[in-house]
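Chemist: Here it is, the structure, as structure tokens.
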């Protein structure tokens, strides 16, 4: 019986030896560089006719383009598993995959601590109005003309999306004396709340001193924060986003920032990366980072290992460790491993 075939798409930075070790039981194919046109041709000319599953990442989108309806429909019938490297997977059309009965996994858990660390960095940088003094210091003007910032203690942190990253953010914020409220589609089990209060979406907007976005981007959450929602927030609210830029209508956010309704923002993600709205770039109350949420060696390696494990368990056992939520419970979907 021939070995199953698996495909690596795009780069693998820290675990290439682990990938090579899979050659003991799989036929390994690679498409580390190339174009979308070449990839689609390989799907159609039989090069990938035996592929059972692949490793791909947000970074590999620069190689193949998004895994959208066009690309998913071109995958051979043998293809049953997409092991994706990234907590966010908005460049994979999960509905198209589900229609083809192709299982998709992501990397929750592996990204929680690093992303929450950056979230706290942004929260503190925005509260303390750190951008302008940092620029002044490098320009030889010492502090420049700094504004007084605010302490986190006693403030209410509202978390929109209390998954693993949101809970890690809450854990860190408690150490600064912040009160935690949150909104999800469904309330968490009380054992996971750790004292956080579940509120409605409108209550979250009205009560938060700092609003942190920690939810996935999809058709339902795109621009979930726009002018109508911003109008419901407290005057002087601070907005933090480490999830996906398109959760916020960036033009509306700039307007709210310029009017003073939003007192400061801490952003690691942007609506049209790598482009950033010029209104954010010129505003000295915008504390900005260039999408560094998971940019640590430890986290990147853990993510790669989790993706390889998802691929391996998918091919060997017909289940995935971290199946995406949209596919859980579907009548055809593989079992989600309890580990």
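Residue numbers (the numbering used here): 69 to 407.
Glycine included, each C-beta is placed from N, C-alpha and C at the ideal position.
All of these numbers come straight from a predicted model, not from anything done at the bench.
Can you have a look at residue 310 and say buried or exposed, based on whether 16 or more other CB atoms are within 10 angstroms of its CB?
Modeler: In the chain shown, counting from the first residue as 1, residue 310 sits at position 242. So residue 310 counts as buried.
Chemist: Quick check on this structure: which residue in 333, 120, 368 has the alpha carbon closest to the alpha carbon of residue 81?
Modeler: Residue mapping note: residue 81 aligns to position 13 of the chain shown, counting from 1. Nearest C-alpha to residue 81: 368.
Chemist: Can at least three beta-carbon pairs, one atom from the segment 289–304 and one from the segment 251–263, be found at a separation below 8 Å?
Modeler: Output reads no: the segment 251–263 does not touch the segment 289–304.
Chemist: Less than 8 Å between the CB atoms is what I'm expecting for residue 246 and residue 225, so what's the real figure, rounded?
Modeler: Looking up residue 246 in the chain shown gives position 178. Looking up residue 225 in the chain shown gives position 157. Confirmed, about 5 Å.
Chemist: Whose C-alpha, out of 251, 389, 171, 74, is nearest the C-alpha of residue 399?
Modeler: Walking along the chain shown from the start, residue 399 turns up at place 331. Answer by Cα proximity: 171.
Chemist: Does the pairing of the segment 191–209 with the segment 368–385 give three or more beta-carbon distances under 8 Å?
Modeler: With a cut-off of 8 Å, the segment 368–385 and the segment 191–209 do not count as touching, because too few Cβ pairs lie within range.
Chemist: Rounded to the nearest angstrom, how far is the Cβ of residue 360 from that of residue 186, given a contact under 8 Å?
Modeler: The residue given as residue 360 occupies position 292 in the chain shown. The residue given as residue 186 occupies position 118 in the chain shown. About 6 Å; that satisfies the 8 Å criterion.
Chemist: In the DSSP output, which residue or residues are listed as bridge partners for residue 125?
Modeler: The count along the chain shown starts at 1 and reaches residue 125 at position 57. Paired residues: 153.
Chemist: Who are the Cβ neighbours of residue 345 in its own chain at under 6 Å, not counting the five residues just before and after it?
Modeler: By one-based count along the chain shown, residue 345 stands at place 277. The answer, listed in chain order, is 318, 322.
Chemist: Could you please give the first and the last residue of the uninterrupted alpha helix (DSSP H) stretch that includes residue 324?
Modeler: As a working note, residue 324 is residue 256 in the chain shown. Per DSSP, residue 324 belongs to the alpha helix (DSSP H) from 318–327.
Chemist: Confirm, please, whether the CB-CB distance from residue 382 to residue 151 is below 8 Å.
Modeler: Taking the first residue of the chain shown as position 1, residue 151 is located at position 83. Taking the first residue of the chain shown as position 1, residue 382 is located at position 314. Cβ distance < 8 Å, so residue 151 and residue 382 count as in contact.
Chemist: Counting only the same chain and skipping the five closest in sequence on each side, list residues whose C-beta sits under 7 Å from that of residue 117.
Modeler: For this step, residue 117 is matched to residue 49 along the chain shown. Closer than 7 Å at the Cβ level, and outside the excluded window around residue 117, lie 144, 146.
Chemist: Determine the contact status of residue 331 and residue 305, defining contact as a CB-CB distance below 8 Å.
Modeler: Translated into positions along the chain shown, residue 331 becomes position 263. Translated into positions along the chain shown, residue 305 becomes position 237. Cβ distance < 8 Å, so residue 331 and residue 305 count as in contact.
Chemist: Could I get the ranges of all uninterrupted alpha helix (DSSP H) runs contained in the segment 262–299, with 4 residues as the minimum, in chain order?
Modeler: Qualifying alpha helix (DSSP H) stretches, in chain order: 269–275, 295–299.
Chemist: For residue 250, which beta-bridge partners are listed by DSSP?
Modeler: In the chain shown, counting from the first residue as 1, residue 250 sits at position 182. Paired residue(s): 227, 266.
Chemist: Locate the alpha helix (DSSP H) running through residue 363, then write down its first and last residues.
Modeler: Stepping through the chain shown from its first residue, residue 363 is reached at position 295. Looking at the DSSP string, residue 363 is not in any alpha helix (DSSP H), and its letter there is neither H nor E.
Chemist: By the 10 Å Cβ neighbour count, where 16 or more other Cβ atoms means buried, how is residue 210 classified, buried or exposed?
Modeler: Working through the chain shown from its first residue, we reach residue 210 at position 142. Classification of residue 210: exposed, given that the 10 Å Cβ count is below 16.
Chemist: With residue 377 and residue 391 assumed to form a contact (beta carbons below 8 Å), what rounded beta-carbon distance in angstroms separates them?
Modeler: Taking the chain shown and counting its residues from 1, the one referred to as residue 377 is at position 309. Taking the chain shown and counting its residues from 1, the one referred to as residue 391 is at position 323. With a Cβ gap of about 13 Å, residue 377 and residue 391 do not count as contacting.
Chemist: Could you check the C-alpha separation between residue 254 and residue 183 for me, to the nearest Å?
Modeler: In the chain shown, the residue the question calls residue 254 occupies position 186. In the chain shown, the residue the question calls residue 183 occupies position 115. When rounded, the distance between both Cα atoms is 23 Å.
Chemist: Excluding the 5 residues preceding and the 5 following residue 295 in the sequence, name in chain order all residues of the same chain whose CB lies nearer than 6 Å to its CB.
Modeler: If you number the chain shown from 1, residue 295 lands on position 227. These residues qualify, in order along the chain: 320.
Chemist: Within its chain, find whatever has a CB closer than 7 Å to the CB of residue 236; leave out the 5 residues flanking it on each side and keep chain order.
Modeler: Mapped onto the chain shown, residue 236 falls at position 168. Contacts found: 180, 181, 184.
Chemist: With H, G and I counted as helix, E and B as strand and the rest as coil, what does DSSP make of residue 367?
Modeler: The residue labelled residue 367 in the question sits at position 299 within the chain shown. Helix.
Chemist: Can you tell me which of the three DSSP states residue 395 falls into?
Modeler: Taking the first residue of the chain shown as 1, we reach residue 395 at position 327. Residue 395: helix per DSSP, three-state reduction.
Chemist: Beta strand (DSSP E) containing residue 334: first to last residue?
Modeler: As a position in the chain shown, residue 334 is number 266, starting the count at 1. Looking at the DSSP string, the run of the beta strand (DSSP E) that includes residue 334 is 330–335.
Chemist: From the DSSP output, which residues share a beta bridge with residue 390?
Modeler: Translated into the one-based positions of the chain shown, residue 390 becomes position 322. DSSP output for residue 390 lists no bridge partner at all.
Chemist: To which residues of the same chain is residue 108 closer than 6 Å at the C-beta, ignoring the five residues directly before and after it?
Modeler: On the chain shown, position 40 is the one that residue 108 refers to. If we look at residue 108 and ignore the five residues flanking it on each side, its Cβ neighbours are 142.
Chemist: Count the other CB atoms, across all protein chains shown, that sit within 10 Å of the CB of residue 365; report buried if there are 16 or more and exposed otherwise.
Modeler: For the purposes of this step, residue 365 is taken as residue 297 along the chain shown, with counting starting at 1. By the neighbour-count rule (16 or more Cβ atoms within 10 Å), residue 365 is not buried but exposed.
Chemist: What first and last residue would you give for the beta strand (DSSP E) that runs through residue 183?
Modeler: On the chain shown, residue 183 is found 115 positions in, with the first residue counted as 1. No beta strand (DSSP E) contains residue 183, which is instead part of the alpha helix (DSSP H) from 180–195.
Chemist: Return the CA-CA distance between residue 102 and residue 129, expressed in angstroms with no decimal places.
Modeler: Counted from its first residue, the chain shown places residue 102 at position 34. Counted from its first residue, the chain shown places residue 129 at position 61. Cα to Cα, residue 102 sits roughly 11 Å from residue 129.
Chemist: Hey, residue 312 and residue 285: beta-carbon distance below 8 Å or not?
Modeler: The sequence position of residue 312 within the chain shown is 244, counting from 1. The sequence position of residue 285 within the chain shown is 217, counting from 1. Against a cut-off of 8 Å, the Cβ pair of residue 285 and residue 312 comes out as a contact.
Chemist: Since residue 153 and residue 175 are thought to touch, with beta carbons under 8 Å apart, how far apart are those beta carbons, to the nearest angstrom?
Modeler: On the chain shown, residue 153 is found 85 positions in, with the first residue counted as 1. On the chain shown, residue 175 is found 107 positions in, with the first residue counted as 1. The pair is a contact, with the Cβ atoms about 6 Å apart (cut-off 8 Å).
Chemist: What does a CB cutoff of less than 7 Å around residue 222 pick up in its chain, not counting 5 residues either side in sequence?
Modeler: Walking along the chain shown from the start, residue 222 turns up at place 154. Counting only Cβ-Cβ distances below 7 Å, and skipping sequence neighbours, we find 245.
Chemist: If you run the structure through DSSP and keep just helix, strand and coil, what is residue 355?
Modeler: Mapped onto the chain shown, residue 355 falls at position 287. Strand at residue 355.
Chemist: Would you decide whether residue 220 is buried or exposed? Buried here means 16 or more other CB atoms lie within 10 Å of its CB.
Modeler: Here residue 220 refers to the residue found at position 152 when the chain shown is read from its first residue. Its Cβ being crowded by 16 or more others within 10 Å, residue 220 is buried.
Chemist: Would residue 216 be called buried (16 or more neighbouring beta carbons within 10 Å of its own) or exposed?
Modeler: As a first step, residue 216 is located in the chain shown; it is residue number 148 there, counting from the start. Burial call: exposed.
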